[in-house]
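Enquirer: Position in the sequence shown counted from 1, then plus 386, gives you our numbering.
For glycine and all other residues, C-beta sits at the position ideal for the given N, C-alpha and C.
The structure is given below, and queries will be raised subsequently.
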Amino acid sequence: LIRQQLFNLLLLQSSTTTTQEILLDNDDKPLLFAMLRSSLILLSCYSELSFLSSIHDTISPTLAHWTAFCSFTTAGNFHASPALLPSSTVMILWRLSAANQLRGWDGYAILWGLVAVLAVGWPFCAVLFVSTGLWALWKAAVSSSLERNDDGIGMRCRLMVHVLIRTALHAIVIQAIVMMIDYYYYGKIVSPIWNIFVYNATAGGDELYGVEPLSYYVKNLLLNFNVVGLLGILSLPILLGRKLLASSFPQTTLFRLGDGHYSSSGASDSLKI
Numbered sequence: 387l388i389r390q391q392l393f394n395l396l397l398l399q400s401s402t403t404t405t406q407e408i409l410l411d412n413d414d415k416p417l418l419f420a421m422l423r424s425s426l427i428l429l430s431c432y433s434e435l436s437f438l439s440s441i442h443d444t445i446s447p448t449l450a451h452w453t454a455f456c457s458f459t460t461a462g463n464f465h466a467s468p469a470l471l472p473s474s475t476v477m478i479l480w481r482l483s484a485a486n487q488l489r490g491w492d493g494y495a496i497l498w499g500l501v502a503v504l505a506v507g508w509p510f511c512a513v514l515f516v517s518t519g520l521w522a523l524w525k526a527a528v529s530s531s532l533e534r535n536d537d538g539i540g541m542r543c544r545l546m547v548h549v550l551i552r553t554a555l556h557a558i559v560i561q562a563i564v565m566m567i568d569y570y571y572y573g574k575i576v577s578p579i580w581n582i583f584v585y586n587a588t589a590g591g592d593e594l595y596g597v598e599p600l601s602y603y604v605k606n607l608l609l610n611f612n613v614v615g616l617l618g619i620l621s622l623p624i625l626l627g628r629k630l631l632a633s634s635f636p637q638t639t640l641f642r643l644g645d646g647h648y649s650s651s652g653a654s655d656s657l658k659i
């Protein structure tokens, strides 16, 4: 929470002196609360526009339009955007990470993921970025630029090691900055990530707000994302089935709707929907 407040204060510091005097030296707490939520909304809007723009430029304009429509009609997205919560911050950072990954900028995609995991202090979101790291390693392993290189295997290994070292260095820098901020406020060295793991594993923190049955998550998914949640669950088996049918009946035009070539840089060369 302290780091999120500091982040928003840094955003405000970039504004004019008059605005700083109105906001930072003002005792009107409702105004400060409204401006804080407004800054979060602006940041969320930027991340969503960046995500939609990447879909538009690298996959398909039609898919970008449908993604925007689904996003605008989800109650969960509407309520999460202005909330000062770890999950809302992770949502913003995931969009930025996904936008960079779609454009082929894997280093920035991983960097945003590291910020989400280490700076927000919510390590559970790390599962969202596992595929981001695996994709970057896969691209390094099968890079098409190495086809004419005699030492292709060795070069691929070096590229994969480069991705791992770069990620480790970024993680060290981010964690060091986070610990310095925490040390400034708490007066001692602390690790929120370690504390939250210990709290949930040994202190019963995972039951602090009660334990809900599995049906709770189903209801929550439907409430926040309505039909989009169901489509998201069904998308993987539908795409796999479509791929199998297309390979079994290559001459059938029914399954060629939306076919395109997805290059190794993350851009679509000829996707038609």
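#1: Give me the residue from Trp521, Gly615, Val604 and Ala505 with the minimum Cα distance to Ser473.
#2: When burial is assigned at 16 or more other CB atoms within 10 Å of the CB, is Arg544 buried or exposed?
#3: Could you tell me the distance, in whole angstroms, from the CA atom of Ser439 to the CA atom of Arg423?
#4: In whole angstroms, give me the CA-to-CA distance for Leu514 and Asn486.
#5: Considering Cα atoms alone, identify which of Asn581, Val501 and Met541 is closest to Ala557.
#6: Which of the three DSSP states, helix, strand or coil, is assigned to Lys574?
#7: Compute the distance between the beta-carbons of Val549 and Leu523, then report whether it is under 8 angstroms.
#8: Just to confirm the assignment: which complete alpha helix (DSSP H) runs, minimum length 4, are found wholly within the segment 471-532?
#9: Does the segment 463-479 come close enough to the segment 624-637 to have 3 or more Cβ pairs within less than 8 angstroms?
#10: Using only the alpha-carbon positions, how far apart do Pro578 and Met546 sit?
#11: Run through DSSP, which three-state label would Thr434 get?
#12: With a threshold of 16 other CB atoms inside 10 Å of the CB of Phe455, please say whether the residue is buried or exposed.
#13: Between Ala482 and the rest of its own chain, which residues show a CB-CB distance below 7 angstroms, the 5 nearest in sequence each way excluded?
#14: Secondary structure at Phe455, three-state DSSP: helix, strand or coil?
#15: I believe Ile567 touches Pro509 by the beta-carbon criterion, under 8 angstroms. Please report the beta-carbon distance rounded to the nearest angstrom.
#16: Could you give the distance in angstroms between the alpha-carbon of Ile427 and the alpha-carbon of Leu620?
#17: With H, G and I counted as helix, E and B as strand and the rest as coil, what does DSSP make of Pro623?
#18: Take Thr453 and list the residues in its own chain whose beta-carbon comes closer than 7 angstroms to its own, dropping the five residues that flank it on each side.
#19: Within the same chain, show all residues whose beta-carbon is closer than 7 angstroms to that of Arg552, passing over the 5 residues directly before and after it, in chain order.
#20: Please classify Leu518: is it buried, with 16 or more other beta-carbons within 10 angstroms of its beta-carbon, or exposed?
#21: Taking only three categories from DSSP, how would you classify Thr448?
#22: Going by beta carbon distance, what residues of the same chain come within less than 8 angstroms of Gly507, once the five residues before and after it are set aside?
#23: I think Val614 touches Thr448, with their Cβ atoms under 8 angstroms apart; what is that distance to the nearest whole Å?
#24: Mapping DSSP to helix, strand and coil, what is Gly596?
#25: Hey, how far is the Cα of Leu470 from the Cα of Ser633?
Expert: The structure says:
#1: Ala505
#2: exposed
#3: 24 angstroms
#4: 15 angstroms
#5: Val501
#6: coil
#7: yes
#8: 472-488, 492-500 and 516-527
#9: no
#10: 30 angstroms
#11: Looking at the sequence itself, residue 434 is Glu, so the reference to Thr does not match. The answer is helix: DSSP assigns Glu434 an H, G or I state.
#12: exposed
#13: Note on identity: in this sequence residue 482 is Leu, with Ala being the wrong assignment. Contacts found: Ser433, Ser436 and Trp498.
#14: helix
#15: That belief does not hold up - the Cβ atoms of Ile567 and Pro509 are roughly 17 angstroms apart, past 8 angstroms.
#16: 30 angstroms
#17: helix
#18: Leu438 and Ile441
#19: Gly493
#20: Checking the sequence, you will find Thr at residue 518 rather than Leu. Per the 10 Å Cβ criterion, buried.
#21: helix
#22: Arg389, Pro472, Val564, Pro578, Ile579 and Ile582
#23: With 8 angstroms as the limit, Val614 and Thr448 do not qualify as a contact, their Cβ atoms being about 16 angstroms apart.
#24: coil
#25: 47 angstroms
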